[in-house]
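Using the numbering used here, the first residue of the sequence shown is number 1, and each one after it goes up by one.
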Amino acid sequence: MGWTSGIAPALALLAGEYAVSLALRDLGTVDTAAPLVGAGLLVLAELAYWSVELGGPGREETGLLVRRLAALTMLACLSVGLGALVVVVTALPLGGGLLWDAIGVVAAAGVLAVVASLARRESGV
Numbered sequence: 001m002g003w004t005s006g007i008a009p010a011l012a013l014l015a016g017e018y019a020v021s022l023a024l025r026d027l028g029t030v031d032t033a034a035p036l037v038g039a040g041l042l043v044l045a046e047l048a049y050w051s052v053e054l055g056g057p058g059r060e061e062t063g064l065l066v067r068r069l070a071a072l073t074m075l076a077c078l079s080v081g082l083g084a085l086v087v088v089v090t091a092l093p094l095g096g097g098l099l100w101d102a103i104g105v106v107a108a109a110g111v112l113a114v115v116a117s118l119a120r121r122e123s124g125v
C-alpha cells in the first residue's frame, strides 16, 4: 500500500515500550542489551522503508540488493559497537563535576546537530 506514515509511530511505540520496561527495572543497573535493541530498531526501520520502496513499480538489480544488504549489515554492526562503547562508558565510575557536565552538553548538542543535518539532507531542504 505504500504507507510510510505508520512506520515512525510504530518504531516510537516499540522504543517507548523498551523505555518503560527499563524504567520499571532496578534503577542502579545498566542494560547491556541496549545496543542490540537500538540496532534492531535501526534495522527494522530500514527494512520497513525498503519494503515500501520495493512495493512500487520496477525492480532492483541483484547487485544493488546485495550492496544494500551489506551496507545495512555494516551499519547495524557499527551501531552495536558504538552502543556498546556508550554502555561501557556509562558503567565506568567517573567523578562528577562541571567539566563532565560541559562535555555532556557539548556531546548532546553535537548529536542533535548531526541528526538535524541528516534530517535536512533527507528532506532535501
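By construction, the Cβ of each residue, glycine as well, lies at the ideal position given by its N, Cα and C atoms.
Would residue i and residue j be called neighbours here (beta carbons separated by less than 8 angstroms)?
i	j	result
A39	A76	yes
L11	L44	yes
V52	T4	yes
V80	L24	no
E60	L54	yes
V87	V30	yes
E46	L27	no
Taking the alpha helix (DSSP H) that residue i falls in, what are its first and last residues?
i	result
G38	34-54
T4	Element bounds for T4: n/a, residue is neither H nor E.
G63	62-91
Could you round the C-beta distance between residue i and residue j to whole angstroms and report it? I think they count as a contact, below 8 angstroms.
i	j	result
L14	L41	6 angstroms
I7	A48	5 angstroms
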